[in-house]
Each structure stands twice: as C-alpha cells, then as structure tokens.
Amino acid sequence: MNTYRSYHNEQVKKLRKIKRIVFLCLGIFVLISTFVLIKMYKAILLPNTKVNDEYYSLYISKSDNFETIKDKLYTDSVIINKKSFEWLADKLDYPKYIKTGHYTITNDLNNNQLINKLRSGSQTPVNFTFNNIRTIEQLSSRINEQLELDSITILNAIINSESLKNAGFNEDNIAALFIPNTYEIYWNIDAVDFIERMKKEYDIFWNDKRIKKSEEIGLSPIEVSILASIVDKETVKTSEMPRIAGVYINRLNKNWLLQADPTLVFALGDFEIKRVLDVHKEIESPYNTYKHTGLPPGPICIPSIAAIDAVLNAEQHKYFYFCAKDDLSGYHVFAKNIKEHNINAEKYRKALNKNKIWK
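Under our numbering, the letters of the sequence shown match residues 3 to 361, in that order.
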C-alpha cells in the first residue's frame, strides 16, 4: 500500500513539473509572440513619416537605388524610425522593385503605406511650366530643369519626330507646336510621350473657333504663331498687341516687307540688342524681313497665348507703321503714312540718343 502511494506521489510530482514546463514554455511563447507582434505593428502600422510642409517631394531617377533613396529620406528627416523602415522594405523586396518618378509623402504614413506607394509606382504629376522662351534649345533646357528628360534627348526627339513632320512641322517652325502654359505631367515621362502630350495640347488649343479665325485672316495656325512671335517681341503691352498685329496683317495683304526689327535680332542671334541699326538690316538671312517679303520661315520665339489671340483678333484699321513712344514707356504710336511715321521715328531716335542707348 505504501509502495502504491509512493508511486502515485511521484507521478503527481512529474505531472506538476510537466505543467510548470508547459506553462513556462507557453509564457515564453506569448512573450516572444507579443514582442514580434509589437515589432511588426511598429514596422507596418505605426506612423513613420514626418514632413514640414503639406507634403515632401521624393524624386527617384533611373540612377537611384535603395541606398540613395534612403539617403534622400534620411537627410531630409522624413523617416522617424529608420530600422523599421529598412526591415519592412527588405521583407517586401522593395530594393528589387524600385520605380522612377515623383512621389509625394505626407505626414503620418506608416511604412507599409509608404513602401507600397513607392513599390507600385504610384507617383504624383508635377506642374510643368514654360513661357518667355526664345528658342527650342532654350525650351529643351527648361524641360531638363523640371523633368527627368535631358535636354539633348528631348531636343533630338522634337527635331526628328516623324509624327510632327507629318503634321506640317519642321525644324524652322517647330516652336509653333508649344503653347506656353502650366501642364500636369509625370516627372519621368519619356521623350515620345512628352511630344505626344504637347501635340495633344496643341490640338486642344487650336479648336474650331481659333481655326475659323485663322482662316478669316488668311493664315494657317503655324503662320499665326509665326506672326504672333513677332508681335510678342514688339511689345510687352498686351493691350497693344491686336493693333500691332493689325499693322503686320495690313502689310501682308499689300505684299509689303514686314520690316520687323525683332526678326533681325533673331537672325543676328544677339538678344541683348536694344537698338536696331541700319547695318543690322544688311544681314543675309531668311529671317531678315527688311529683305524678304512675307513671314519668316518660323517663329522667332515661342509666342504667348496673348500674342496668338491678338493676331486672331487683330484690330482692323488703316495703320501701316508704328514706332516706340519717345517717353520710353514701352507703348507705341501708330501712323497711316511714311511722313507721319518718320516724324515719330525721329522723336524716338532723339530719346534713345538722350539716354545714351546706342545699340
């Protein structure tokens, strides 16, 4: 009987020991699981971004890798917990799926939201703006400043585009394609897509109403842009543009020389010239409107929308001449005959001399 009781007690002790071990193991498991869950929660769901403004712009170029991306984010103190960000990025294989583009990062994004945004290529368009552009080369540089496209690539693509040639554009008049404005464009757009986008905007701009007006004055849309570029460089006063456009249309209708000083400046390639001299009028160039009748081969700048619409809505009058006012205000005086014009021109020359503006 004592032997049985002794055996029973031993079995009870063993069971208690096993229970303690099981409970201990369960406790350790719960602790480890809790630790892992907390770590995963922090790494996945806890807000981990901090930005100073409404949003932070992250630009990822073709040459970037995970290291350079981290450098950008860490340098600008966008990531709060670096270790958790890197841990989840590794788990989600983000370093293998980097996509170029412009990404906006706001406050309090968790790592999962941020990495999924970058990994999926869910980028935000940028505002691409251009105005006051003289040449296609200058436009290419402006594109390079705002988009990932390099200036040489886009310049070559514009000049050699078969679709643009089929649409009537060439190396001389290609500037007429671009309508100065602000456009929402993906930062990493390629050259072909960029050209297609600009052609689409051109077609939207040249709606039925504008095309009808161009037909009424006997000019094609490209010719309107060429004349508008001259108007743009004749005056900074928008209110005067329709009247100046009317002068040039009167000359075109009479088959007169346009004699537009800005075309000489373009032909000379010296955009610092403030006073056109007789010697400038001797330059051999198809852009010399003192020697060649009609419009020059292409725009002398990328014309503004205001100048294009001024040509389309040119003032109907009998003026054939105009000259800058002698008060150097930027406004002009207009004349119907050469006698009136010569009087105005002499006043202006005296004003230039008085202010020692010789060239």
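Positions of the beta carbon are idealized from the N, C-alpha and C atoms, including for glycine. It should be emphasised that the depicted structure is a prediction, and the values quoted were computed from it without experimental measurement.
Query: If I measure Cβ to Cβ from V249 and keep anything under 6 Å in the same chain, skipping five residues before and after, which residues do I get?; Result: Y321, F324
Query: Quick one: residues in its chain with C-beta nearer than 7 Å to the C-beta of S227, no 5 flanking neighbours on either side, listed in chain order?; Result: A178, P301, P305, I310
Query: Measure the C-alpha to C-alpha separation of A269 and S287 and round it to an integer number of angstroms.; Result: 6 Å
Query: Is it buried or exposed for A193, if we count other Cβ within 10 angstroms and need 16 for buried?; Result: buried
Query: Which value, in whole angstroms, describes the spacing of the CA atoms of D280 and N175?; Result: 27 Å
Query: Can you tell me whether DSSP reads T295 as helix, strand or coil?; Result: coil
Query: Short of 8 Å in beta carbon distance, which residues of its chain neighbour Y99, apart from the five on each side in sequence? Order them along the chain.; Result: R121
Query: Please list the terminal residues of the continuous beta strand (DSSP E) segment that includes N129.; Result: 128–131
Query: Following the continuous beta strand (DSSP E) through E218, name the residue where it begins and the one where it ends.; Result: Run containing E218: none in the beta strand (DSSP E); it sits in the alpha helix (DSSP H), 210–218.
Query: Pull up the CB-CB distance for W208 and H104, whole angstroms please, since I reckon it's below 8 Å.; Result: Contact flag wrong, Cβ pair sits at about 30 Å.
Query: Look up P406 in the DSSP assignment and say whether it is helix, strand or coil.; Result: Only positions 3 to 361 of the chain appear in this structure, which leaves residue 406 out of reach.
Query: Under the three-state reduction of DSSP, which class applies to E186: helix, strand or coil?; Result: strand
Query: Looking only at DSSP bridge pairs, what is G103 linked to?; Result: I62
Query: Output the distance between the C-alpha atoms of Q125 and F171, rounded to the nearest integer angstrom.; Result: 33 Å
Query: Which of helix, strand or coil does DSSP assign to K336?; Result: In the sequence as presented, Lys is not what sits at residue 336; that position holds Phe. In this structure, F336 counts as strand in the three-state DSSP scheme.
Query: Taking buried to mean at least 16 other C-beta atoms within 10 Å of its own C-beta, is D152 buried or exposed?; Result: exposed
Query: Taking the alpha-carbon of K283 as reference, which of K276, Y292, F180, I224 has the nearest alpha-carbon?; Result: Y292
Query: Suppose the cutoff is 7 Å on Cβ atoms and the five residues either side in sequence are ignored; what does the same chain contact list for R136 look like?; Result: F273, C303
Query: In three-state DSSP terms, what is A178?; Result: helix
Query: For F324, which residues does DSSP report across the bridge?; Result: F336
Query: Check whether the Cβ atoms of I62 and Y96 sit closer than 9 Å, and answer yes or no.; Result: no
Query: I'd like to know whether the C-beta atoms of I107 and Y185 end up nearer to each other than 9 Å.; Result: no
Query: Could you check what DSSP says for I82 in three-state terms: helix, strand or coil?; Result: coil
Query: Who are the Cβ neighbours of K349 in its own chain at under 7 Å, not counting the five residues just before and after it?; Result: D328
Query: What first and last residue would you give for the alpha helix (DSSP H) that runs through V233?; Result: 223–236
Query: Under the rule that 16 or more other beta-carbon atoms within 10 Å means buried, what is R253, buried or exposed?; Result: buried
Query: Answer yes or no: do N114 and L157 have a C-beta to C-beta separation smaller than 9 Å?; Result: no
Query: Since P49 sits in a beta bridge, which residues does DSSP pair it with?; Result: N112
Query: Starting from S143 and walking both ways along the alpha helix (DSSP H), at which residues does that stretch end?; Result: 138–148
Query: Does DSSP put A309 in a helix, a strand or coil?; Result: helix
Query: Since R212 and L314 should fall inside the 8 Å C-beta cutoff, what is the C-beta to C-beta distance between them, to a whole number of angstroms?; Result: 6 Å
Query: Quick one: give me the first and last residue of the alpha helix (DSSP H) that W202 is part of.; Result: In the sequence as presented, Trp is not what sits at residue 202; that position holds Lys. K202 -> alpha helix (DSSP H) spans 193–207.
Query: Does the pairing of the segment 158–167 with the segment 80–88 give three or more beta-carbon distances under 8 Å?; Result: no
Query: My assumption, with CB atoms under 8 Å, is that I187 sits in contact with P264. Please give the rounded CB distance.; Result: About 30 Å separates the two Cβ atoms, so there is no contact after all.
Query: My output table needs one value for F87: the three-state DSSP class, helix, strand or coil.; Result: helix
Query: Nearest to L111 by alpha carbon, out of I71, P49, D66, F180?; Result: P49
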